[in-house]
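Engineer:
Number of protein chains: 2
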Amino acid sequence: MFDETDQLSVNALRALSIDMIERAGSGHPGLPLDAAPMAYVLYSRHLRVDPQAPDWVNRDRFVLSAGHGSALLYSMLHLSGFPTRMADLKQFRQLHSMTPGHPEHGLVAGVDATTGPLGQGLGMAVGMAMAETHLAAQYNTPEQKVIDHFTYVICGDGDLMEGISHETASLAGNLKLNKLIVLYDSNDVSLDGATDRTFSDDAQQRFAGYGWDCQKVSDGNNLAAIDAAITAAKLTDAPSMIEIKTTIGYGAPKQGTHLVHGAPLGQTDLAATKQSLGWQAAPFTVPAAVKQRFAERVQERGQAAHRQWQALLTTYQQAQPKLAAQLHHALAQELPVDWQSDLPKYQIGDSEAGRITSQKMIQALAAKVPSLWGGAADLASSNKTDIAASGSFSATARQERNLNFGVREFAEAAAMNGIALHGGSHVFGGTFFVFSDYMRGAIRLAALQKLPVTYIFTHDSLAVGEDGPTHEPVEQLMSLRAMPGISVIRPADPNEAVAAWRLAMTTNDRPSVLVLTRQDLAVLKGSLNHPDGVSRGGYVISPQQRKQAEGILLASGSEVALAIAAQQRLRKFGHDVAVVSMPCFDRFMQQPAAYREKVLPRNIRRRVSIELGATLGWERFIGLDGLSLGIDTFGASGPAAEVLAEYGFTSDAVVSAYQKLW
Amino acid sequence: MFDETDQLSVNALRALSIDMIERAGSGHPGLPLDAAPMAYVLYSRHLRVDPQAPDWVNRDRFVLSAGHGSALLYSMLHLSGFPTRMADLKQFRQLHSMTPGHPEHGLVAGVDATTGPLGQGLGMAVGMAMAETHLAAQYNTPEQKVIDHFTYVICGDGDLMEGISHETASLAGNLKLNKLIVLYDSNDVSLDGATDRTFSDDAQQRFAGYGWDCQKVSDGNNLAAIDAAITAAKLTDAPSMIEIKTTIGYGAPKQGTHLVHGAPLGQTDLAATKQSLGWQAAPFTVPAAVKQRFAERVQERGQAAHRQWQALLTTYQQAQPKLAAQLHHALAQELPVDWQSDLPKYQIGDSEAGRITSQKMIQALAAKVPSLWGGAADLASSNKTDIAASGSFSATARQERNLNFGVREFAEAAAMNGIALHGGSHVFGGTFFVFSDYMRGAIRLAALQKLPVTYIFTHDSLAVGEDGPTHEPVEQLMSLRAMPGISVIRPADPNEAVAAWRLAMTTNDRPSVLVLTRQDLAVLKGSLNHPDGVSRGGYVISPQQRKQAEGILLASGSEVALAIAAQQRLRKFGHDVAVVSMPCFDRFMQQPAAYREKVLPRNIRRRVSIELGATLGWERFIGLDGLSLGIDTFGASGPAAEVLAEYGFTSDAVVSAYQKLW
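Residue numbers (this note's numbering), protein chains in the order written: chain W, -7 to 654; chain Z, -7 to 654.
(1) Could you tell me whether any non-hydrogen atom of the ligand ATP is closer than 6 Å to the CB of Asp140(Z)?
(2) Say whether chain Z places a C-beta atom closer than 7 Å to the C-beta of Ser162(W).
(3) Within 10 Å of its beta-carbon, does Leu443(W) have 16 or more other beta-carbons around it, so buried, or fewer, so exposed?
(4) In three-state terms, what does DSSP make of Ala186(W)?
(5) Identify every run of the beta strand (DSSP E) within the segment 369 to 432 of chain Z, keeping only runs that are complete inside it and at least 3 residues long; order them along the chain.
(6) Counting only beta-carbon atoms, is Ala474(Z) nearer than 7 Å to chain W?
(7) Which first and last residues belong to the beta strand (DSSP E) in which Met90(Z) is found?
(8) Using a cut-off of 8 Å between C-beta atoms, extract the partners of Asp184(W) located in chain Z.
(9) Check the Cβ-Cβ distances between Tyr131(Z) and every residue of chain W, and say whether any is below 7 Å.
(10) Pop quiz: Gly108(W) and His94(W) are said to be a contact at Cβ under 8 Å. What is the actual Cβ separation, rounded to whole angstroms?
(11) Are the segment 532 to 542 of chain Z and the segment 571 to 579 of chain Z in contact at 8 Å, needing three or more beta carbon pairs?
(12) Please list the partners that Ser157(Z) has in chain W, where partner means a Cβ-to-Cβ separation under 8 Å.
(13) Give a yes or no on whether 7 Å exceeds the smallest Cβ distance from Gln272(W) to chain Z.
(14) Less than 7 Å between the beta carbons of Gly549(W) and Ala484(W), yes or no?
(15) Hey, is the segment 146 to 154 of chain Z in contact with the segment 215 to 223 of chain Z, meaning 3+ C-beta pairs nearer than 8 Å?
(16) Per DSSP, Asp512(Z) is paired with what?
(17) Do you know how far the Cα of Val647(W) is from the Cα of Ser620(W)?
(18) Which residue wins for smallest C-alpha separation from Arg289(W), given the options Ala645(W), Gly415(W), Ala316(W), Tyr32(W)?
(19) If I'm right that His298(W) touches Leu364(W) with Cβ under 8 Å, what's the distance once you round it to whole angstroms?
(20) Would you kindly check if the distance between the Cβ of Asn50(W) and the Cβ of His158(W) is under 7 Å?
(21) For Arg198(W), go through chain Z and note every residue whose CB falls closer than 8 Å to its CB, in chain order.
(22) Whose C-alpha, out of Ser36(W), Ala101(W), Arg6(W), Asp80(W), is nearest the C-alpha of Asp(-5)(W)?
(23) Does any residue of chain Z have a CB that is nearer than 7 Å to the CB of Gly383(W)?
(24) How do the segment 163 to 176 of chain Z and the segment 187 to 194 of chain Z stand: do at least 3 beta-carbon pairs fall below 8 Å, yes or no?
(25) In its own chain, which residues sit with a C-beta less than 8 Å from the C-beta of Leu5(W), not counting the 5 before and 5 after it?
(26) Give me, in chain order, the residues of the same chain whose beta-carbon lies closer than 8 Å to that of Asp578(W); leave out the 5 immediate sequence neighbours on both sides.
(27) Starting from the Cα of Tyr131(W), find the closest Cα among Ile222(W), Ser232(W), Tyr308(W), Asp617(W) and give me that residue.
(28) Would Gln339(W) and Ala380(W) qualify as a contact pair, given that the criterion is a beta-carbon distance under 7 Å?
(29) Under a three-way DSSP split, which group does Tyr242(W) fall into?
(30) Less than 7 Å between CB atoms is the rule here; does His94(W) satisfy it with respect to chain Z?
(31) What number of angstroms, rounded off, separates the C-alpha of Thr249(Z) from the C-alpha of Gln391(Z)?
(32) Give the DSSP-derived three-state secondary structure of Met122(Z) in the structure shown.
(33) Closest to Gly525(W) by C-alpha separation, out of Gln295(W), Gly254(W), Phe580(W), would be which residue?
(34) For Leu545(Z), which residues does DSSP report across the bridge?
(35) Do the segment 632 to 649 of chain W and the segment 224 to 232 of chain Z touch if we need at least three Cβ pairs shorter than 8 Å?
(36) Could you tell me how far apart the beta carbons of Asp452(W) and Val399(W) are, in whole angstroms, since I believe they sit closer than 8 Å?
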């Protein structure tokens, strides 16, 4: 089944990879040399992709979780006929090249996920497999399986050492994601040396404990054995892990050691490696037979599959016009025209916790937007994330829309990324705000990949109360605001909470972080009068009485009401101040200068910010002459009202802070 | 071996716990009701603690990883004779009480670790067990085992779902931490419902895969079976996991369901629970027989062990005066008088990467400070954290001082916390700065517990270059600065790097985060002239020429040199500015106002900050009239110099930014 040309093709991947790394003067030859056979078998015999249509929705997904092996992936994409050109390979790791140091989704066609931070690729693949099975349940008919593909991963020892590998593998096992197949490049070496210095897991036993199907291929150069294992893995009713024993840096003089992990081989060793592989072609060239083999085995096979699927889709569109249209909208991230028709409305006198408004929004949205699904990390009952009209997504109920991530925040965020990357979903996920720390690595990859996921972070301040400092967020708010490419939105009342959710639903180029209270928030008059307040990031929610304000109180979330109360009291002392609600720093900074000047006139320097979080960062708006009321220590355990008073969050304290500016 | 009084004692723990929760109006009765038997067996038959000397260094450690079960721990501490009084139990979860919502180390005597964020307790226990075995190897003689104790954990399903449970258990298995014993309260229920909805791991199989010794106790109320399992676990040569099957909320009408997990039972169910347990004493009272049993079984047994150890210590002090003195210093966190005698020194003309200066500091410190040890998360060769004169700490080399954490950043940080909590060490740990995100939850617990651990975060900016945006930190710097209770130090040159390490070594009340470059930094004249510059957080490293500066350039780390270069060029344009190096925001904010005014005179408003990181937060020093040069997007893959130029980090750009202020 495999011939000499196949072997030559494997070596072509190896040779191109080490040429790229050598030319770049940096990179990781270890994995490309050892994993080229498994990658080749996967692409040439199993993976269904159309290099001319890299975004084909029903393609098999492939995630190189060990992203440092990018040279292998780019070589593969090039030989397979993806847009990656030989000239791109020569620009490996150069500025503005199409072949960056780690695979970047969105930049490089054929890269299904941005990887590099170890373990997260596996997590995203789990999300992709979840999305596949959910969409299949939503859209397939017995005759037309329009969503029907596998998700493949190549991961290394490092991926499996990371904690997220546990969370995601445990989740995948519970969900019986049988179309997820992980090739584990088991080379026993990581950056610092042999893995047994620190890592002696029996991976087979561990994954069996998760309910995975496990296989072992003892020789990573045995193409037929790898092929047989993948073939078998496709037939199981559990996710599959194929441990493939390899020699890191195979063929290189220093093969089998950490010295070939992460630096160019050097000209001498490069030549020796090629010699040992029997590779004779000039740098950055490949024999015609190899090109032809890739054309037939990857490109033509994939194109045929794509054509077949397009015919299926045509039949499906005729047989199921409504479902087909719905799928089209979902994949285009389009919302139904009536999606806003039943959103909750609030008037003066109403009062509701941010998490409850979010709960009502989720119900209203879920009724109109079939692509909306989500859940929480074992906190649905606290985060109020359940869709009441749906059941729990599980191994036996793929169509259900409530995701139970378990106590696995990082896996939740990584899986959300995978779901978003797959396409066809609006996905949300919740936990306590303080535990956003556990998922920060994945939030960052969401931002970097511009994924429109929505985080529901409730219990957003010291008002958590009795659970104490381990559960009371302080620095999380400013820390997330510092991250590029995300919108952090902390609504001040039910109307702002509705607006925040609306903004999240209509944002397609970045994650939205909704930071919501556990406790009730009264409707504020100013939020009713400024329906675009949240989308503008900041606005005058309660103006001064005269033409020009004497000072400005700025606040977000639950502290806006406090600012307005202080504004009233300050009037009695003759101070006429405006109150600015600032739910979203980044949106405000994107407003035209004239708008920002209107909200925060440059010449008004008496400014006080009020927020139950770290003060660092508020100086962007209060400057050197203002004053921040915030929390720059950890919280305390006690009833919420007592904790807030203890930390100086009373209108008295705001008044006295403002008076200090005189 | 167990009689009716023992059973009564178990129920006393249960009754006190649910009384506490009922009175507080919040809390988690599920775990105290189900885990009281295992906790009782542990405290009454195994745990060696002296309630009158809760900090006895050779006590067995106990970590309640499932910290939400705090009521059980406090009841236990009270009945065992620790300072926790009955009056304290009645103040459960109240402000300023000694019984906060989750166990807080430092506040409550007998609480060995602050827990609540799930999984981290297990991680800290692994660190404690590492410290125990390392100190034992350093200090014990065949005759006198002055350090010789067990570390026990009670954890729940939630702990074992968290990714960090994988990292730490895998590490503990590799290290064969045989004196670590984990009691797994396996009650099949978590906050949102039955765990099988999302969690179907075979924990035995999983932990066996890590090389742990595994046992199962099928009836969590069987005191003798639990006792036998713990007794057996103490004899194994691997870490032990005892899965104990329990019924959550045992005795309560809603036992076995998630409804008893996290809210008071209510008066009716409380009464029914006590009836079902046969408990007749009034609320917050216990029969005299119970008191006596705890006095004998915990207190007297522990005191006897403590007395015995003190006698041993006396012999040890006589036989090994030098070692004994060294141990005393290590436990007191005291440094040898000559600890600074061989630190590297740098002069104008020298140039060195931050990570290399750190590497030299580590060698110099390790030679003088026997309590110093540390390592990295599979990046020692990049982070330069190895102690050259030592080998790798392992199952067969307990005395060695290089810690190989594997690709397990979160476990690293949690284990560092455990090592610090244990006492007797100065511990450090490194990774790439961008992956500090993975350990944020544990950094926070270090800060909350005021633990003097030192993080070595190298590759601190976009100057990482070729590895690209997944490996280039941007927001990490400001995000960590926003965290209460830590010092984030980003040195500008080798002298500042030495000062940063010195500061970390002499700081006993908080973690220090050293943010270090991959690339060379030239020695700056101003750092030589200001030896206290780093400890003051910020200082004028290059003053203006006239009496008063026209403007100020502020920078940290590698950008200070850029600021000084720009200062020179600005002079040619007639602008006489000062350059302020700001290695540590929090130290600067702690300086007297007069010092801060001297460095940053209030009336000088033309200020430009320059830092390869998020700008949010720099406004604290530049105000509304200044300008920040920073990075508010993600980085890019390419050679470092090209990336920096692309992002506008040239002296031209600084000059032109300053000129915009006119």
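Even glycine gets a Cβ: it sits at the ideal position worked out from N, Cα and C.
Structural biologist: In terms of the structure at hand:
(1) Ligands are entirely absent from the displayed structure, and the ligand ATP is therefore not among its contents.
(2) yes
(3) buried
(4) strand
(5) 394 to 396, 418 to 424
(6) yes
(7) Premise fails: Met90(Z) is in no beta strand (DSSP E) and is neither H nor E.
(8) Ala368, Asp370, Leu371, Ala372, Ser373, Asn396
(9) no
(10) 3 Å
(11) yes
(12) Gly155, His158
(13) no
(14) yes
(15) no
(16) Ala345(Z)
(17) 12 Å
(18) Tyr32(W)
(19) With a Cβ gap of about 29 Å, His298(W) and Leu364(W) do not count as contacting.
(20) no
(21) Gln197, Arg198, Gly201, Tyr202
(22) Ser36(W)
(23) no
(24) no
(25) Pro24, Ala28, Ala31, Tyr32, Leu64, Ser67, Met68, Leu71
(26) Arg473, Ile478, Ser479, Val480, Gly529
(27) Tyr308(W)
(28) no
(29) coil
(30) yes
(31) 47 Å
(32) helix
(33) Phe580(W)
(34) Val571(Z), Val600(Z)
(35) no
(36) With 8 Å as the limit, Asp452(W) and Val399(W) do not qualify as a contact, their Cβ atoms being about 20 Å apart.
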